[in-house]
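Asks: Residue numbers (our numbering): 111 to 570.
Don't be surprised by glycine CBs; every beta carbon is placed ideally from N, CA and C.
1) Looking at the structure shown, is residue 279 part of a helix, part of a strand, or coil, going by DSSP?
2) Are residue 330 and residue 307 closer than 7 Å when you measure CB to CB?
3) If the criterion is Cβ atoms closer than 7 Å, does the pair residue 442 and residue 427 meet it?
4) Are residue 416 and residue 393 close, meaning C-beta to C-beta below 7 Å?
5) Considering only C-alpha positions, which residue in the set 285, 326, 287, 282 is nearest to residue 300?
6) Do residue 380 and residue 367 have their CB atoms nearer than 7 Å?
7) Between which residues of its own chain and residue 410 is the CB-CB distance below 6 Å, once the five residues before and five after are set aside?
8) Counting C-beta neighbours from all protein chains within 10 Å, is the total for residue 313 16 or more, i.e. buried, or is it exposed?
9) By alpha-carbon positions, which one of 324, 343, 305, 265 ends up nearest to residue 295?
10) Only counting the same chain, and skipping five residues up and downstream in sequence, which positions put a Cβ closer than 6 Å to that of residue 208?
11) What's the C-alpha gap between residue 353 and residue 554?
12) To the nearest whole angstrom, what separates the beta carbons of residue 205 and residue 166, a pair I think is in contact under 8 Å?
13) Residue 374 by DSSP, collapsed to three states: which one?
14) Starting from the N-terminal side, write out each stretch of the beta strand (DSSP E) that is 3 residues or longer and does not extend beyond the stretch 482-547.
15) Taking DSSP's pairing of strands, which residues face residue 252 in a bridge?
16) Can you list the beta strand (DSSP E) stretches of 3 or more residues lying completely in the stretch 421-476, in chain order?
17) According to DSSP, simplified to helix, strand and coil, what is residue 186?
18) With 16 as the cutoff for other CB atoms within 10 Å, does residue 522 come out buried or exposed?
19) If you follow the beta strand (DSSP E) that residue 350 is part of, which residue opens it and which one closes it?
20) Count the other CB atoms within 10 Å of the CB of residue 464; is the residue buried (16 or more) or exposed (fewer)?
21) I'd like the ranges of any beta strand (DSSP E) spanning at least 3 consecutive residues and lying wholly in the stretch 209-249.
22) Using a Cβ-Cβ cut-off of 7 Å (strictly less than) and excluding sequence neighbours within five positions of residue 520, which residues of its own chain qualify?
23) Any contact of the stretch 181-197 with the stretch 223-242, i.e. 3+ C-beta pairs under 8 Å?
24) What are the partner residues of residue 103, as DSSP defines its beta bridges?
25) Could you check what DSSP says for residue 258 in three-state terms: helix, strand or coil?
26) By DSSP's criteria, residue 409 is part of a beta bridge. Which residues make up the other side?
27) Can you grab the Cα-Cα spacing for the pair residue 470 / residue 431, in whole Å?
28) Hey, residue 201 and residue 154: beta-carbon distance below 7 Å or not?
29) Using CA atoms only, rank isn't needed, just tell me which of 175, 298, 287 is closest to residue 323.
30) Is any heavy atom in the ligand FAD found nearer than 6 Å to the beta carbon of residue 311?
31) Considering only their Cβ atoms, is the gap separating residue 402 from residue 373 smaller than 7 Å?
32) Taking all protein chains shown into account, decide if residue 99 is buried (16 or more other Cβ within 10 angstroms of its Cβ) or exposed.
33) Residue 399 to residue 422, Cα distance in whole Å?
34) Could you pull out every residue in the same chain whose Cβ sits closer than 8 Å to the Cβ of residue 542, ignoring the five residues on either side in sequence?
35) For residue 366, which residues does DSSP report across the bridge?
36) Per the contact definition of three or more C-beta pairs closer than 8 Å, is the stretch 353-362 in contact with the stretch 212-226?
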């Protein structure tokens, strides 16, 4: 088991290093280096931007995107951000477009809330997530886009979120905080080799999108910062998240699909999701959460070769009465977990609702949840499995699972209500609800095809 854990860590590290070298064009042939590159390339300084960390460059970024948007139909366009500290308010992207951050480049979000306009709530949420009504703009956004790349030599997009966190804790915000990056109704998205720091709330939020690749990304936030989720695919299809490193004050990954009656009505599931070779640190939340906003449904989620360190739980399902929707066909294998409160956690009593009109008869369907080849050490409790009365979570399978207990582990290692499943080779011995003797859990043999076969290797 120790050898397997060491091999997994080496594999993850090697993949991240290789990905970074490829993105920089190191080791690539000249022909490969030019694949997928843009015809029209401009630096943000050509539009009057000043990288001193004090000058507000919102107009420069907006002008740059508008100008390059007019050229992008002819071979694509790239906006290059050189080394420097580039302060700006929110701005949107355009299609057939690359935002490329050089090494040492840092795009800083304005801390003046007056620079953040209000925008409409998402139709699948019906209101802002924090507060009713509209919400603050996202820092970097876009809607109905095709072929968008955010990449570079590991430059930084810094949300400077402390002012937002302070106001949130003090209940001084009338509207929901914006997200660091949100793309709506878009397709063919690549986000790679960029660092995202201190988001006001969620970091990356692809919503109503398809064919999204997020690769080699670093996301950092203080572990007690409020709601700084790492990557939240929301009502999106064919999403690949791989070789990422996330330190978060909330879930490192949260797959979502709308909130109560608004998500049910919008009816757009998140499906065909791959999360692999992720490293997560989140002491108060999950490595990967499914929900809690899952009313449009979540299905075909494949999680493999991931590491969590000092994280509350591994792959957590969050739902409740009023959610409706479904979570089904979830496949998890080869997890290496170090210092966990719970290895397995399902929650059927997640009670946050958008308003008072949630239907108490809208019960979620949770079925077909598979965990195999899981090793955890320094564990407080192996499993907290809570379905819903008269709506049990079914079809749970666990196989080849070892949870080594912490010195102060709870005497009761499994707490199970309203769940049904089977177990095979699970230690410590699971609760009777999962005690039926099973066999090794399944994992799909056919790989999902998502995004390009390799990332563009462009030098700007």
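Replies: Let me lay it out:
1) By 1-based counting over the chain shown, the position of residue 279 is 169. Helix at residue 279.
2) Position 220 of the chain shown holds residue 330. Position 197 of the chain shown holds residue 307. It is a contact, given that the beta carbons lie within the stated cut-off.
3) Locating residue 442 in the chain shown gives position 332, counting from the first residue. Locating residue 427 in the chain shown gives position 317, counting from the first residue. Not closer than 7 Å, so no.
4) Numbered from its first residue, the chain shown carries residue 416 at position 306. Numbered from its first residue, the chain shown carries residue 393 at position 283. Result no, Cβ atoms of residue 416 and residue 393 do not sit closer than 7 Å.
5) The residue labelled residue 300 in the question sits at position 190 within the chain shown. Closest option to residue 300, Cα to Cα, is 326.
6) Walking along the chain shown from the start, residue 380 turns up at place 270. Walking along the chain shown from the start, residue 367 turns up at place 257. Contact flag set, yes.
7) Here residue 410 refers to the residue found at position 300 when the chain shown is read from its first residue. Within the same chain, residue 410 has close Cβ partners 381, 382, 439.
8) The count along the chain shown starts at 1 and reaches residue 313 at position 203. Buried, since its Cβ has 16 or more Cβ neighbours within 10 Å.
9) By 1-based counting over the chain shown, the position of residue 295 is 185. Out of 324, 343, 305, 265, 343 has the C-alpha closest to the C-alpha of residue 295.
10) Position 98 of the chain shown, counted from the start, is the residue given in the question as residue 208. 148, 188, 259.
11) Counting from 1 along the chain shown, the entry for residue 353 is found at position 243. Counting from 1 along the chain shown, the entry for residue 554 is found at position 444. For residue 353 and residue 554, the distance between alpha carbons rounds to 20 Å.
12) Working through the chain shown from its first residue, we reach residue 205 at position 95. Working through the chain shown from its first residue, we reach residue 166 at position 56. That belief does not hold up - the Cβ atoms of residue 205 and residue 166 are roughly 26 Å apart, past 8 Å.
13) Mapped onto the chain shown, residue 374 falls at position 264. Three-state result, residue 374: helix.
14) 503-515, 524-527, 529-537
15) Translated into positions along the chain shown, residue 252 becomes position 142. Answer is 293.
16) 423-428, 436-457
17) Position 76 of the chain shown, counting from 1, holds the residue named residue 186. Coil at residue 186, not helix or strand.
18) Here residue 522 refers to the residue found at position 412 when the chain shown is read from its first residue. Burial call: exposed.
19) Translated into the one-based positions of the chain shown, residue 350 becomes position 240. Element bounds for residue 350: 347-352.
20) Position 354 of the chain shown holds residue 464. Counting Cβ neighbours within 10 Å, residue 464 comes out buried, since at least 16 surround it.
21) 215-219
22) For this step, residue 520 is matched to residue 410 along the chain shown. Cβ within range, chain order: 490, 491.
23) no
24) Since the first and last residues shown for the chain are 111 and 570, residue 103 lies out of range.
25) In the chain shown, residue 258 corresponds to position 148, counting from 1. Strand, per DSSP.
26) The residue you call residue 409 lines up with position 299 of the chain shown. Residue 409 is bridged to 381, 438.
27) The sequence position of residue 470 within the chain shown is 360, counting from 1. The sequence position of residue 431 within the chain shown is 321, counting from 1. Whole-angstrom Cα-Cα distance: 6 Å.
28) For this step, residue 201 is matched to residue 91 along the chain shown. For this step, residue 154 is matched to residue 44 along the chain shown. Against a cut-off of 7 Å, the Cβ pair of residue 154 and residue 201 comes out as no contact.
29) Within the chain shown, numbered from 1, the residue matching residue 323 stands at position 213. Nearest option by C-alpha distance: 298.
30) The model on display carries no ligand, and the ligand FAD is accordingly not part of it.
31) The count along the chain shown starts at 1 and reaches residue 373 at position 263. The count along the chain shown starts at 1 and reaches residue 402 at position 292. No, Cβ-Cβ distance for residue 373 and residue 402 is not below 7 Å.
32) Since the displayed the chain opens at 111 and closes at 570, residue 99 lies outside it and no answer follows.
33) As a working mapping, residue 399 is identified with position 289 in the chain shown. As a working mapping, residue 422 is identified with position 312 in the chain shown. So the two alpha carbons sit approximately 11 Å from each other.
34) Position 432 of the chain shown holds residue 542. Result list for residue 542: 526, in chain order.
35) Here residue 366 refers to the residue found at position 256 of the chain shown. According to DSSP, residue 366 bridges with 344.
36) no
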